[in-house]
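Start counting the sequence shown at 217; every next residue gets the next number (the numbering used here). Where is the CB? At the ideal position from N, CA and C, for every residue including glycine.
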Amino acid sequence: LIAFAESNGADPGDAGTRERFVRRHPPEFTVEWPPGRNEPCWCGSVRGMTSSRTA
């Protein structure tokens, strides 16, 4: 998002910038939220979502 905003001279905190960013990126670049039980955590933990966020 930050690189996208900088390359377009936009503010990454602006809702319009975030909307344009999302519209230009295909679904394979998105992360499903929340991750399923025992799925990899968005934080990169190898322990899985249930372990990394409940500890």
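Note that the C-beta distance between residue 219 and residue 228 is not below 7 Å.
Linking residue 234 to residue 257 through their CA atoms gives a straight-line distance of about 23 Å. In the structure shown, the three-state DSSP call for residue 247 is coil. Look at residue 235 here: in three-state DSSP terms it is helix.
Judged by DSSP in its simplified three-state form, residue 240 adopts helix.
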